[in-house]
Amino acid sequence: MENLERKSAKCKNRVGFSGIEFTSVSEVASIDCRYSSTANVVRAVTFHPAGCFGRIDAKQVYMSDNAHDGVHDVEITCTFYGTPEQVDARLHELTFGRYLVRLRDRNGRLWLAGDKNEPLHFEYAHIGDAGPDGAHEYQLRFFGTLTIPLSATE
């Protein structure tokens, strides 16, 4: 998965998680449960050749997880800056895929949202006018209904 990089110096994460990465489920060979050195169960992602997580150069990464009857309605949002010429086509292309999202919390721990059988969907919206450098503010949103809650990953 290629990185989605910022095109403006305005992009600094100040709240929420400190990082967000994503990959298409088509790049994932398997997701296995393993025990970490602290005896906690973590989900480990194994990729097909050339598969990997792509980083989003974002700020204000938030996640909500509304659980009810063993089902989790998960929504992950972040703010991203870029010029329409640089990123609109790529963002539009992403709306057709299904994804796993990996979040880094402020303690450096990684968390996985989504599964091959329950991937997250993607959408985006322009939420700000162009700045002096031509960059627009976008809100990126990964969302889905999951039976596997957010879990630790490697």
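Each number in the numbering used here comes from the position in the sequence shown (counting from 1) with 686 added on.
We put the beta carbon where it would ideally sit given N, CA and C, even for glycine.
Checklist entry - Tell me which same chain residues have a C-beta within less than 7 Å of the C-beta of G820, skipping the five on either side of it? => result Taking the first residue of the sequence shown as position 1, residue 820 is located at position 134. The residues are T769.
Next on the checklist: Which residue wins for smallest C-alpha separation from E713, given the options V731, H822, E779, D774?
Outcome noted: As a working mapping, residue 713 is identified with position 27 in the sequence shown. Of the listed residues, the one whose Cα sits closest to E713 is V731.
Next on the checklist: Check whether the segment 820-840 and the segment 767-784 are in contact - that is, three or more C-beta pairs closer than 8 Å.
Outcome noted: yes
Next on the checklist: Using a Cβ-Cβ cutoff of less than 6 Å, which residues in the same chain neighbour L780 once the five nearest sequence positions on both sides are dropped?
Outcome noted: By one-based count along the sequence shown, residue 780 stands at place 94. Same-chain partners within the cutoff: F808.
Next on the checklist: For the beta strand (DSSP E) containing A715, name the first residue and the last one.
Outcome noted: Looking up residue 715 in the sequence shown gives position 29. Taken as a continuous stretch (DSSP letters only), the beta strand (DSSP E) holding A715 covers 714-721.
Item to check | Helix, strand or coil at A775 [DSSP, three-state] | outcome: Within the sequence shown, the letter at position 89 stands for residue 775. In the structure shown, A775 sits in a helix (DSSP, three-state: H, G or I).
Item to check | Where I742 falls, given that 16 or more other Cβ within 10 Å makes a residue buried | outcome: Within the sequence shown, residue 742 is the residue found at index 56, counting from 1. Label assigned to I742: buried.
Item to check | Buried or exposed (CB count within 10 angstroms, at least 16 for buried), C764 | outcome: As a position in the sequence shown, residue 764 is number 78, starting the count at 1. The residue is buried, with at least 16 neighbouring Cβ atoms inside 10 Å.
Checklist entry - In terms of residues, what are the limits of the beta strand (DSSP E) holding G830? => result Sequence index remark: in the sequence shown, residue 830 carries index 144 (1-based). Counting along the chain, the beta strand (DSSP E) containing G830 begins and ends at 822-832.
Checklist entry - In terms of residues, what are the limits of the beta strand (DSSP E) holding F703? => result Sequence index remark: in the sequence shown, residue 703 carries index 17 (1-based). Where F703 is concerned, there is no enclosing beta strand (DSSP E), given that its DSSP letter is neither H nor E.
Checklist entry - For K696, which of helix, strand or coil comes out of DSSP? => result In the sequence shown, counting from the first residue as 1, residue 696 sits at position 10. Reliability fails at K696, whose pLDDT of 40 lies under 50, so the model's placement of it is uncertain and no value is given.
Next on the checklist: Within 10 Å of its beta-carbon, does Y785 have 16 or more other beta-carbons around it, so buried, or fewer, so exposed?
Outcome noted: Within the sequence shown, residue 785 is the residue found at index 99, counting from 1. Buried, by the Cβ-count rule.
Item to check | Inside the segment 760-807 only - beta strand (DSSP E) runs reaching at least 3 residues | outcome: 785-790, 796-799
Next on the checklist: Suppose you measure from the CA of R720 to the CA of V728; what does that come to, to the nearest Å?
Outcome noted: Counting from one through the sequence shown, the residue named residue 720 turns up at place 34. Counting from one through the sequence shown, the residue named residue 728 turns up at place 42. Approximately 5 Å, taken between the alpha carbons.
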